[in-house]
Structures are given as structure tokens and as C-alpha cells.
Amino acid sequence: MQPSTTARLPHPPARPYSTSSPSEGEILVETVEHSPGHNVATVTFSNPRKLNIVNSPLLRQFITTCRQLSEDDNLRVVVLAGAPAAPPTDGGKPKPPSWIGGMDIREMHTMTSYETAKKFITLVHHACDAVRQVPVPVLAKVHGFSLGAGLEIMAGCDLKIATKASTFGMPEVKIGLPSVVEAALMPAQIGIGRARRLMYLAENISAETAERWGLIERVVEDEAALDAATAEWVDMIVAMGPKAIRSQKRLMQKWENTTAEQAVQAGVEALAASFADGGVEPREYMAKFLNRKR
1 MQPSTTARLP HPPARPYSTS SPSEGEILVE TVEHSPGHNV ATVTFSNPRK
51 LNIVNSPLLR QFITTCRQLS EDDNLRVVVL AGAPAAPPTD GGKPKPPSWI
101 GGMDIREMHT MTSYETAKKF ITLVHHACDA VRQVPVPVLA KVHGFSLGAG
151 LEIMAGCDLK IATKASTFGM PEVKIGLPSV VEAALMPAQI GIGRARRLMY
201 LAENISAETA ERWGLIERVV EDEAALDAAT AEWVDMIVAM GPKAIRSQKR
251 LMQKWENTTA EQAVQAGVEA LAASFADGGV EPREYMAKFL NRKR
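Quick note on numbering: UniProt numbering labels position 192 of the sequence shown as 192, and the sequence is numbered without any gaps.
Have a look at this one:
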């Protein structure tokens with residue numbers, strides 16, 4: 001991994017590193033030292049001439065990136081972004097903005113058997129799950145299209161901010177396929193009826209509707225406001241107890257898959273575990289709070 005350099009969002013280092021080849025898109029990674037001992041990573045899906053659609057090589061590199069970032073004990077937040085649209089060529093129309101415009105249908109069209117289809121969709125699941133397995137909050141910074149596999153990756157993120165220019169949808173049935181893998185998270189996130197509406201009708205929705213439904217947490221006016229809102233939430237998360245945030249993420253995932261009583265007991269264990277070392281972190285943060293009140 002590239003060494004961290006001192007900077008603050010939304011002004012990342014000038015030289016990101018790539019983990020793929022430009023011909024099939026790139027995963028760009030920038031790690032900044034937000035403050036001493038607190039790293040923030042920005043991961044950018046970059047396939048700008050094709051609406052940042054993803055393919056198998058790109059997803060494999062994304063999975064590797066998530067796993068490498070997860071090894072950083074000083075990591076506090078990961079931001080997922082989409083590259084700006086490439087400028088038009090030969091006087092053509094400019095492409096609309098896109099976070100992740102879905103999977104590469106040309107690649108999907110080459111599948112001819114149960115085995116190839118299962119291998120392909122399992123890779124998509126592993127990419128979505130890689131987001132969920134990052135031990136710190138993952139923030140989706142969305143500008144433009146978030147469709148199909150893009151929306152499934154977004155569903156695995158912890159927090160989502162989008163511009164008003166963003167559009168969300170699950171168009172798979174239009175090409176003869178069901179919406180699968182992490183689309184299964186959506187009924188719990190937005191309700192079964194709204195999930196049916198997205199997946200049965202292949203209906204795109206606006207950022208305002210997505211926020212109202214609970215698919216995203218915040219809508220902002222434009223890209224400048226998106227940078228500012230992202231920086232604000234990153235600052236807030238970094239200010240929290242690092243162990244507490246990681247513990248909270250683990251708990252949130254357990255709560256998704258357990259009964260209410262099991263979830264409560266998991267919380268009891270998590271809080272008690274915060275004091276297994278004598279309560280170093282919580283006592284430090286509580287002391288700051290108490291001293292502030294004096």
C-alpha cells in the first residue's frame with residue numbers, strides 16, 4: 001500500500017495508485033493521514049468512458065483493495081467514489097455523471113452455462129461482501145448513476161451521500177435476469193414493497209426519493225456540497241473512539257442477522273469487551289467529555 005501522506009479531505013494526495021489496467025477500468029486508491037494515527041482511504045471506480053461500469057477484472061482488484069485496506073490498524077474510514085465522466089470525443093455529447101453504472105453487459109452476454117453464470121455472480125457477491133467486511137465505516141460518495149451491481153455495492157456501504165443529480169435503479173429484469181446477491185439487503189433497508197417496486201418495475205428513482213425511502217442517508221445540491229458533506233462525516237467519524245467504531249460496525253452486522261434477544265446479548269458482550277483492557281479508550285473519551293463540562 002502507498003504510504004500515507006498528510007492531507008485532509010476533500011483534498012487527497014496528488015498521486016493515487018492504480019490496482020488494475022486502464023483498458024478494463026482502474027481502481028484508484030488514495031490513503032491520507034487525516035490526523036496522527038488516523039488514516040482515511042478513498043477508493044475510486046474509474047472506467048470513465050463507460051459510466052464506471054464494472055467487470056470481473058475490476059471487481060477482483062476491488063476485492064483485493066478492500067482486503068489490503070482492512071489490514072491497516074490506523075484505518076478509520078473508507079470513501080467509495082466514482083471517477084468523473086470522460087470528456088466527449090469528436091464533438092460528441094458529454095456523458096452523464098456515474099458512480100457505478102452497473103456490470104458490463106458485454107461480459108455477461110458471453111455467459112453460456114450454469115457454471116459460468118454462477119462463477120460470475122459469486123464474484124459480484126464477493127465484491128459486495130468485501131465492502132461489508134471492511135472493519136471501519138464505508139461511506140458511498142455518489143454522483144450520478146448507481147445501477148444494478150453499483151446499487152448492490154452501495155447497499156453494502158454503511159453511509160451514503162448523493163447529489164441531486166444521482167439516479168438509482170435495479171434494471172436486471174430488463175435484460176432477462178433477476179436482481180440477486182446484495183440486492184437481498186434492500187427489503188430490510190427500504191421495505192419489501194419498495195424493493196419490489198425497484199426490482200419488478202426496473203424503475204429508476206431520484207436522490208430525493210432514495211433518501212425518503214432510506215436507501216441513502218443524505219442528499220446534497222452538487223459536487224462541491226458532496227465534497228463538503230463527505231469531509232464533514234469523515235471528520236465526525238475520525239473524532240470517535242477508533243475501537244468503539246469498529247465494535248459498533250461488527251454489532252450492526254450481527255443485528256442484521258439475529259433475533260432481537262441475540263442482538264441485545266451481542267451488545268452486552270461488546271460493551272463489556274470495551275473494558276477488557278481496563279477501559280483505556282472509553283475512559284479516555286469519557287474523561288474528555290467530563291472535562292469539557294467543567
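Just so it is clear, CB atoms sit at the ideal spot from N, CA and C, and this is done for glycine as well.
Keep in mind it's a predicted model, so treat the numbers as computed, not measured.
Exercise. Assign S179 to one of two classes, buried (16 or more other C-beta atoms within 10 Å of its C-beta) or exposed (fewer than that).
Key: Taking the first residue of the sequence shown as 1, we reach residue 179 at position 179. When all chains shown are included, S179 counts as buried.
Practice problem: Can you tell me which of P96, G82 and A260 puts its alpha carbon nearest to the alpha carbon of P88? | Solution: To locate residue 88, count along the sequence shown from 1; it is residue 88. Out of P96, G82 and A260, P96 has the C-alpha closest to the C-alpha of P88.
Quiz item: Can you tell me the Cα-Cα spacing of N47 and G148, whole angstroms?
Solution: Looking up residue 47 in the sequence shown gives position 47. Looking up residue 148 in the sequence shown gives position 148. Taking the straight line from one Cα to the other gives about 16 Å.
Quiz item: By DSSP, does H38 sit in helix, in strand, or in coil?
Solution: As a first step, residue 38 must be located in the sequence shown, where it is residue number 38. Here H38 sits in strand by DSSP.
Exercise. Quick one: residues in its chain with C-beta nearer than 6 Å to the C-beta of A130, no 5 flanking neighbours on either side, listed in chain order?
Key: Here residue 130 refers to the residue found at position 130 when the sequence shown is read from its first residue. If we look at A130 and ignore the five residues flanking it on each side, its Cβ neighbours are I63 and C66.
Practice problem: For the alpha helix (DSSP H) containing V234, list its first residue and its last residue. | Solution: Within the sequence shown, the letter at position 234 stands for residue 234. Note, V234: alpha helix (DSSP H), E223 to V238.
Self-check item: Cβ pair A117, E152 closer than 7 Å
Solution: The residue labelled residue 117 in the question sits at position 117 within the sequence shown. The residue labelled residue 152 in the question sits at position 152 within the sequence shown. Contact flag unset, no.
Quiz prompt | Alpha carbon of I161 to alpha carbon of E232, nearest angstrom | solution = On the sequence shown, residue 161 is found 161 positions in, with the first residue counted as 1. On the sequence shown, residue 232 is found 232 positions in, with the first residue counted as 1. If I take the Cα positions, the gap works out to 11 Å.
Practice problem: Measure the beta-carbon distance from T167 to F145 and round it to whole angstroms, keeping in mind my assumption that it falls under 8 Å. | Solution: Within the sequence shown, residue 167 is the residue found at index 167, counting from 1. Within the sequence shown, residue 145 is the residue found at index 145, counting from 1. Right, the Cβ-Cβ distance comes to about 5 Å (below 8 Å), so this counts as a contact.
Quiz item: beta strand (DSSP E) containing S98: first to last residue?
Solution: Position 98 of the sequence shown, counting from 1, holds the residue named residue 98. It spans S98 to I100 - the beta strand (DSSP E) in which S98 sits, taken as one unbroken run.
Practice problem: Check K141 in the structure and name its three-state DSSP category. | Solution: Sequence index remark: in the sequence shown, residue 141 carries index 141 (1-based). Note: K141 maps to strand in three-state DSSP.
Self-check item: Alpha-carbon to alpha-carbon, L185 and L198
Solution: Residue mapping note: residue 198 aligns to position 198 of the sequence shown, counting from 1. Residue mapping note: residue 185 aligns to position 185 of the sequence shown, counting from 1. Rounded to the nearest angstrom, the two C-alpha atoms are 13 Å apart.
Practice problem: Compare the C-alpha of M108 against each of A195, I175 and E217 and name the closest. | Solution: One-based indexing of the sequence shown puts residue 108 at position 108. The residue with the shortest Cα to Cα distance from M108 is I175.
Exercise. Could you tell me which residues DSSP puts in a beta bridge with L251?
Key: Position 251 of the sequence shown holds residue 251. BP columns for L251 are empty, so no partner.
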